[in-house]
Amino acid sequence: MDIKGTGSITDLADNVFTVWRNKNKEPSEPDAILQCDKQRNGEWEGKISLWFDSVSLHYLETAQSISTPLFENSKNSDDLGENSISAIKSSLHSSNAAIAA
Numbered sequence: 042m043d044i045k046g047t048g049s050i051t052d053l054a055d056n057v058f059t060v061w062r063n064k065n066k067e068p069s070e071p072d073a074i075l076q077c078d079k080q081r082n083g084e085w086e087g088k089i090s091l092w093f094d095s096v097s098l099h100y101l102e103t104a105q106s107i108s109t110p111l112f113e114n115s116k117n118s119d120d121l122g123e124n125s126i127s128a129i130k131s132s133l134h135s136s137n138a139a140i141a142a
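Counting along the sequence shown from 1, when you hit position 43 you're at 84 in the working numbering, and nothing is skipped either side.
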């Protein structure tokens, strides 16, 4: 685990994850790597390669994976539209209600 100047933080934490971004990426290489450096109550520590899908804005486990966007892209990125805003507000309200319960 290479977290400079934070030894006491990693000692106190139950789980430590780091993200490495591949700046000089080749198409066959992942865009990022999610690494589990410490898992106090589990056995697995390792790396997961991730590929970024710019359409859905998701990280995927393989370059061939297909993801569905959470929301449709609007024609004008500056204008989400009332339906999209209402859907986002409704989703947030439902999430907050579930957390409160």
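Ideal placement from N, C-alpha and C gives every residue a C-beta, glycine not left out.
Could you check the C-alpha separation between residue i and residue j for me, to the nearest Å?
i, j, result
"residue 79", "residue 133", "32 Å"
"residue 102", "residue 81", "24 Å"
"residue 50", "residue 57", "9 Å"
"residue 106", "residue 64", "21 Å"
"residue 85", "residue 62", "22 Å"
"residue 129", "residue 109", "16 Å"
"residue 52", "residue 127", "43 Å"
"residue 75", "residue 88", "6 Å"
Residue range of the beta strand (DSSP E) that residue i falls in?
i, result
"residue 89", "88–94"
"residue 56", "56–62"
"residue 78", "73–80"
"residue 101", "99–101"
For the candidate residues the options, whose alpha-carbon lies nearest to that of residue i?
i, options, result
"residue 99", "64, 84, 128 and 73", "73"
"residue 95", "88, 104, 87 and 89", "104"
"residue 90", "55, 60 and 53", "60"
"residue 92", "55, 68, 127 and 128", "68"
"residue 54", "109, 77 and 87", "77"
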